[in-house]
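A.B. asks: Would you mind keeping the following structure in view while I ask a few things?
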Amino acid sequence: MAQLLLMLLRIRVLLVVRYRMNFLAQIVSMYLFFAVIFFGGQAAAGSLNGGAGALGSTLDAVIVGWFLWTMAQSAYSSLSREITQESRWGTLEQLYISSYGFGVIIAGKMLVNMLMSLCIGGMMLALMLLTSGRSLALDLVTIVPLTTLALLSVVGLGFGFAGLTLVYKRISSISQLMQFALMGLVAAPRADVFVMNLLPLVKGSELLQRAMRSGVRLWEFPAAELGLLTGVAVVYSLGGYGVFRYCSNVARRRGVMGHY
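Mapping of the sequence shown onto the UniProt record's numbering: position 13 corresponds to residue 13, and the numbering continues sequentially without gaps.
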C-alpha cells in the first residue's frame, strides 16, 4: 500500500510540474478572490472611520474560513476530475485489472488528493497572513488532525460525485455549484443550530476557528465535540465510498465505464 501511495503521489507531483501554469493559475485565482474581499472590507472600514483595525476578529474568521474552504474545494473536486481524465485517456478500465484493485487505487488517489489539499491550504494561509498582517495560532498538532477530520466529510461528497461521474460522465456544472455550498457550510457555525453540526465541514470549521483564533489546543476541546467531528467524518467518508462503489457497479453493468 505504501508503494502504491508513493507512486500515486509521484504521478500527482509530475502532473503539477508538467501543467504548472494551470496549478499557479488556480492558486492565484483563489488568492485574488481573497484579496478582493480583504481590500474591499478594508476600504469599507476606512470609509466608516474604523480603519483596518475595525475588521479585527472578523478578518481572522475570514482567513480561517478561506483556509478551510480552499482545501475543501480541492479535496472535493479532485477525484471526479481525475475520473474524467482517466476516461479521456482511456485508462479507467485498466484500473480494474490492477493487482491492487480499483477501490484501493481510488482510495489511494483520495489520500494523495487530501495531502495536496493540505499543501495548497498551507500556501494560501501563508499568502493571506502576509497580505493581511494578521497572526493566528498555528499549532500543527491541533490544526492538522482537525483539518483532516473536517476534510474527510468532504471527501465523502467527492466519492459520491465521482461515482456519478462514472455513470453520467459530465457533471461539472453541479460541481461548480458545490463550491458555493461549501462556502455556506464553512460559515454555518455562525447559525448556531445543532443539527447543522451533522453536515460536512460545519463542526470542523467551528473547532478550527477556535483553535486558530483563540489558541485552543486539541486536548482542550471537549471529548463530545471531538467525537461528533470524528463520527461525521467516518459516516460521510464511508457513505460516500459506498455510493461510489454502487455507481461503479452500475456503470459496469451499463457498459459505460470507459466512455467519455
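All residues carry an ideal CB built from backbone N, CA and C; glycine is no exception.
1) Between the stretch 139-155 and the stretch 81-101, are three or more C-beta pairs nearer than 8 Å?
2) Are the stretch 28-38 and the stretch 126-136 touching by the rule of at least three beta carbon pairs closer than 8 Å?
3) Please state whether the Cβ-Cβ distance between D139 and A211 is less than 8 Å.
4) Please work out which residues of its chain come closer than 7 Å, Cβ to Cβ, to Q179, disregarding the five sequence neighbours upstream and downstream, and give them in chain order.
5) If you follow the alpha helix (DSSP H) that Y241 is part of, which residue opens it and which one closes it?
6) Taking 8 Å as the cut-off, decide whether the C-beta atoms of V202 and W69 are in contact.
7) Please name the residue in M7, L127, R254 and F221 whose C-alpha comes closest to that of V112.
8) Mind the definition here: the stretch 16-35 touches the stretch 113-127 only if three or more C-beta pairs lie below 8 Å; say whether that holds.
9) On the DSSP letters alone, give me the boundaries of the alpha helix (DSSP H) that P145 sits inside.
10) Within 10 angstroms of its Cβ, does L238 collect 16 or more other Cβ (buried), or is it exposed?
11) Could you tell me if W219 is buried or exposed, where buried requires 16 or more neighbouring beta carbons within 10 angstroms of its beta carbon?
12) Look at the alpha carbon of F194 and the alpha carbon of M21, and state the distance between them as a whole number of angstroms.
13) Taking 7 Å as the limit between beta carbons, can you name the residues of its chain near V235, skipping five residues before and five after?
14) How about L229 and F159: are their beta carbons less than 8 Å apart?
15) Could you check the C-alpha separation between G204 and L152 for me, to the nearest Å?
16) Could you give the DSSP three-state label for M183: helix, strand or coil?
17) Tell me the start and end of each unbroken beta strand (DSSP E) in the stretch 59-118 that is at least 3 residues and wholly inside, in chain order.
C.D. replies: In short, the structure shows the following:
1) no
2) yes
3) Yes; because the gap between Cβ atoms is below 8 Å, this pair is in contact.
4) Q73
5) Y241: member of the alpha helix (DSSP H) spanning A223 to R254, first to last residue.
6) no
7) Per the Cα distances, M7.
8) yes
9) L140 to Y168
10) exposed
11) exposed
12) Looking at the two C-alpha atoms, the distance is approximately 42 Å.
13) Within the same chain, V235 has no close Cβ partners at all.
14) The Cβ atoms of L229 and F159 lie no closer than 8 Å to each other.
15) 10 Å
16) helix
17) If we require 3 residues or more, the stretch 59-118 turns out to have no beta strand (DSSP E) run fully inside it.
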